[in-house]
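Residue numbers (the UniProt record's numbering): 1 to 209.
Note that CB positions come from ideal geometry on N, CA and C, so glycine has one too.
Taking it in order: structure first as structure tokens, then the write-up.
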């Protein structure tokens, strides 16, 4: 098994640990060491049965200095197993900042719910999270640290840029490019041949032509 720490203790983090548990129910893959919080006062608390091991600032400091300190998760990071993390937050800008500070220091997991079926070989990069209920029979490319929430539908020839967030029940038609850092709220429809600019925010229930 591979060790993993989950960055983020809010809803996305809680949901991701359940996806990991679903993966493990099919095949033991991940050993969840615990959570890393974006807050400084959550250390030692319990999230979905797992401990909050420390703050993100402490994690940064650990990898910068490699010095031991009071935080329990530092000892856990010295495990003999291969160590991964996943950034389980929906703030696209912050995800990029965290990734930039941790890249080359720790590996990023790709977490895909076991009920998701790919009908073609797809390109899914590291750090991406795919919830159950994805509907797609075409080809798509997902960049780094993309989150696709439950019951999204993707047409053929879709490209979603790094750090983007696609909320539940969103439908993206064929030949669409969603550029880096875009945030698409729930129940959004993007019609064919659309191009979504970098860092675009799309409100819930929107229809884009």
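Query	Result
Pick from 142, 209, 195 and 85 that is closest to residue 189, judged by C-alpha positions	209
Residues that DSSP places opposite residue 159 in a beta bridge	141 and 177
Within 8 Å, strictly: CB atoms of residue 146 and residue 158	no
Nearest-angstrom beta carbon gap, residue 108 and residue 3 [assumed within contact, 8 Å]	Incorrect: roughly 13 Å between the Cβ atoms, too far for contact.
Where the beta strand (DSSP E) containing residue 31 begins and where it ends	30–37
Cα-Cα separation, residue 137 to residue 58	43 Å
Residue 54, enclosing beta strand (DSSP E) - first and last residue	50–55
Beta-carbon proximity list for residue 81, same chain, < 7 Å, skipping 5 on both sides	1, 2, 3 and 31
Nearest-angstrom Cα separation, counted from residue 55 out to residue 38	6 Å
C-alpha gap between residue 47 and residue 124, whole angstroms	28 Å
Secondary structure of residue 61, DSSP reduced to three states	helix
Alpha carbon of residue 42 to alpha carbon of residue 52, nearest angstrom	6 Å
Sequence-distant residues of its chain with Cβ nearer than 7 Å to residue 133 (five each side left out)	150 and 151
Length of the line joining the Cα atoms of residue 174 and residue 143	17 Å
Cutoff 6 Å; reference residue 199; Cβ partners in own chain excluding five residues on either side	181
Backbone CA spacing between residue 203 and residue 127 [nearest angstrom]	24 Å
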